[in-house]
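Asker: I'd like to ask some things about the structure below.
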Amino acid sequence: MTAVSVFAPAKLNLYLHVTGRRANGYHELDSLVAFAAVGDTVTARPADTLTLAVDGPMAPLLADAGDDNLVLQAARALAAEAGVGTGAALTLTKRLPVASGIGGGSADAAATLKALAELWRLSLPAERMQALALGLGADVPVCLAGTPARMAGIGERLSPVPPLPAAWVALANPMKGLSTPAVFKARRGCFSDPAPLEAAPRDARHLAELLAARRNDLEKAAASLVPEISNTLDLLAAQPGCLLARMSGSGATCFALFAAQPEAEKAAAALTTARPGWWCAAAGVMPG
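Here is the structure:
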């Protein structure tokens with residue numbers, strides 16, 4: 056086997072409720088997670104030692120990551136778990152902004168686990184892989200699953216969701232990184248009740264209506280730290296055909312939901328023109 060490449064799609068929190076806080080300080084969540092067909096790529100090739108090269112348009116943002124990069128952390132954790140003595144030459148093609156609420160690092164870690172499991176011909180049970188993923192970060196298990204899911208607890212409890220309809224998103228990030236712990240620290244107010252989807256939405260418009268009855272509980276806190284988030288949401292909401300505008304995760308990436316591909320692409324193009332320094336993209340919501 057010469058090389059294994061795995062796509063690491065952007066994670067979307069279609070809604071995110073903070074439902075409580077554990078004694079150890081970690082917050083309990085209830086979130087509907089889907090994935091957009093835009094993302095990074097992790098490629099693994101046989102090698103004697105573990106190495107990582109980063110390329111792609113967002114590579115300069117990771118220039119100082121070094122050994123802290125989640126790709127290397129995931130590789131080392133899997134090697135230790137499986138008792139692998141060989142290495143791999145890893146290449147991360149970075150297209151997603153970092154610290155942006157769409158699980159870029161988590162998706163990269165999950166893709167690394169998948170790529171190396173294939174390269175090293177491992178067959179670890181799913182529960183061991185999920186436990187390994189959770190040790191790398193709260194979003195890594197859902198990224199490892201790679202399909203729409205309800206995420207609960209601190210990210211360790213995943214359950215199936217009703218089928219999601221065909222839909223498209225325009226994504227926008229003002230290129231301001233956000234620390235997830237800082238956003239949780241800035242959050243104020245009561246906890247929210249869980250609000251899982253009970254039935255499959257009929258279409259994208261119906262999905263938007265169901266999501267409008269829910270929210271992202273971190274949006275206000277994130278906007279207090281990065282005021283550009285409010286501007287991003289306003290710009291997205293003003294695009295023709297926008298069914299819903301919302302922040303994903305702990306920000307600062309926001310998305311607008313559309314029923315059709317041309318509308319999403321026009322919205323992304325309009326934001327690129329209006330805010331040339333931002334990261335903007337259009338993508339389909341990936342089916343389960």
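56 is the number of the first residue of the sequence shown in the working numbering; add one for each residue after it. C-beta: ideal position from N, C-alpha, C; glycine also. Predicted, not measured: the structure shown is a model, and the values here were computed from it.
Considering only the beta carbon of each residue, do residue 115 and residue 341 sit closer than 8 Å?
Answerer: Against the sequence shown, residue 115 aligns to sequence position 60. Against the sequence shown, residue 341 aligns to sequence position 286. It is not a contact, given that the beta carbons lie outside the stated cut-off.
Asker: List the residues that DSSP assigns as beta-bridge partners of residue 199.
Answerer: In the sequence shown, residue 199 corresponds to position 144, counting from 1. Answer by DSSP bridge pairing: none, since residue 199 is not bridged.
Asker: Which class does residue 302 belong to by DSSP, given the choice of helix, strand or coil?
Answerer: For the purposes of this step, residue 302 is taken as the residue at position 247 of the sequence shown. Strand.
Asker: Measuring straight from C-alpha to C-alpha, what distance separates residue 143 and residue 133?
Answerer: On the sequence shown, residue 143 is found 88 positions in, with the first residue counted as 1. On the sequence shown, residue 133 is found 78 positions in, with the first residue counted as 1. Approximately 12 Å between the Cα atoms of the pair.
Asker: Measuring CB to CB, does residue 73 end up less than 8 Å from residue 82?
Answerer: Walking along the sequence shown from the start, residue 73 turns up at place 18. Walking along the sequence shown from the start, residue 82 turns up at place 27. Going by C-beta atoms, residue 73 is nearer than 8 Å to residue 82.
Asker: Cα separation between residue 280 and residue 238?
Answerer: Within the sequence shown, residue 280 is the residue found at index 225, counting from 1. Within the sequence shown, residue 238 is the residue found at index 183, counting from 1. Each residue's Cα considered, the two are about 8 Å apart.
Asker: According to DSSP, is residue 274 helix, strand or coil?
Answerer: Residue 274 sits at position 219 when you count from the first residue of the sequence shown. Of the three classes helix, strand and coil, the one that applies to residue 274 here is helix, per DSSP.
Asker: Looking at the secondary structure, which residues open and close the alpha helix (DSSP H) in which residue 238 lies?
Answerer: As a working mapping, residue 238 is identified with position 183 in the sequence shown. It spans 235-241 - the alpha helix (DSSP H) in which residue 238 sits, taken as one unbroken run.
Asker: Which runs of the alpha helix (DSSP H), 4 residues or longer, sit entirely within the segment 172-226?
Answerer: Whole alpha helix (DSSP H) segments, 4+ residues: 181-191, 195-200.
Asker: Under 8 Å: do the segment 313-327 and the segment 220-235 share three or more Cβ pairs, one atom per stretch?
Answerer: The segment 313-327, when compared against the segment 220-235, does touch it at the 8 Å Cβ threshold.
Asker: Might you give, ordered along the chain, the residues of its own chain that have their beta carbon closer than 6 Å to the beta carbon of residue 288, omitting 5 neighbours on each side?
Answerer: Reading the sequence shown from its first residue, position 233 is the one you call residue 288. For residue 288, where only same-chain residues beyond five positions count, the Cβ hits under 6 Å are 300, 309.
Asker: Measuring CB atoms only, is the segment 174-191 touching the segment 325-337, in the sense that at least three cross pairs come out at less than 8 Å?
Answerer: Judged by Cβ distances under 8 Å, the segment 174-191 makes no contact with the segment 325-337, as fewer than three pairs qualify.
Asker: What are the complete alpha helix (DSSP H) segments, minimum 4 residues, inside the segment 105-149?
Answerer: Counting whole runs of 4 or more residues, the segment 105-149 contains the alpha helix (DSSP H) stretches 125-137.
Asker: Going by beta carbon distance, what residues of the same chain come within less than 7 Å of residue 188, once the five residues before and after it are set aside?
Answerer: Stepping through the sequence shown from its first residue, residue 188 is reached at position 133. The residues are 165, 168, 195, 196, 199.
Asker: Using the DSSP secondary-structure output, state which residues sit across from residue 75 in a beta bridge.
Answerer: Working through the sequence shown from its first residue, we reach residue 75 at position 20. Residue 75 pairs with 83.
Asker: Under 8 Å, do residue 76 and residue 111 count as touching if we go by C-beta distance?
Answerer: By 1-based counting over the sequence shown, the position of residue 76 is 21. By 1-based counting over the sequence shown, the position of residue 111 is 56. Going by C-beta atoms, residue 76 is not nearer than 8 Å to residue 111.
Asker: In angstroms, rounded to a whole number, what distance separates the CA positions of residue 228 and residue 69?
Answerer: Stepping through the sequence shown from its first residue, residue 228 is reached at position 173. Stepping through the sequence shown from its first residue, residue 69 is reached at position 14. Whole-angstrom Cα-Cα distance: 16 Å.
Asker: Spatial neighbours of residue 285 within its chain, please: C-beta separation below 8 Å, excluding the five flanking residues on both sides.
Answerer: Taking the first residue of the sequence shown as 1, we reach residue 285 at position 230. Closer than 8 Å at Cβ, skipping near neighbours: 278.
Asker: Report the CB separation of residue 156 from residue 305 in whole angstroms; it is logged as a contact under 8 Å.
Answerer: Against the sequence shown, residue 156 aligns to sequence position 101. Against the sequence shown, residue 305 aligns to sequence position 250. At roughly 5 Å, the Cβ-Cβ gap stays under 8 Å, so residue 156 and residue 305 are in contact.
Asker: Spell out the partners DSSP gives residue 60 in its beta bridges.
Answerer: Looking up residue 60 in the sequence shown gives position 5. In the DSSP output, where bridge partners are listed per residue, residue 60 has 98.
Asker: Output needed for residue 99: all residues of its chain with C-beta closer than 6 Å, excluding positions within five of it in sequence on either side, in chain order.
Answerer: For this step, residue 99 is matched to residue 44 along the sequence shown. So the qualifying residues of the chain are 59, 143, 145, 170, 171, 174.
Asker: Have a look at the DSSP bridge pairing and note the partners of residue 345.
Answerer: Outside the modelled stretch of the chain, which goes from 56 to 343, sits residue 345, for which no answer is possible.
Asker: Going by beta-carbon coordinates alone, are residue 177 and residue 129 separated by less than 8 Å?
Answerer: Residue numbering aside, residue 177 sits at position 122 when the sequence shown is read from its first letter. Residue numbering aside, residue 129 sits at position 74 when the sequence shown is read from its first letter. No, they are not a contact pair.
Asker: Skipping 5 residues on each side, what residues in its chain have a beta carbon closer than 7 Å to that of residue 147?
Answerer: Within the sequence shown, numbered from 1, the residue matching residue 147 stands at position 92. So the list reads 95, 97, 107, 109, 126, 163, once near-sequence residues are dropped.
Asker: Residue 312 lies in the beta strand (DSSP E); which residues open and close that run?
Answerer: If you number the sequence shown from 1, residue 312 lands on position 257. 309-313 is the extent of the beta strand (DSSP E) around residue 312.
Asker: Using the C-alpha atoms, what's the distance from residue 307 back to residue 71?
Answerer: On the sequence shown, residue 71 is found 16 positions in, with the first residue counted as 1. On the sequence shown, residue 307 is found 252 positions in, with the first residue counted as 1. Approximately 14 Å between the Cα atoms of the pair.
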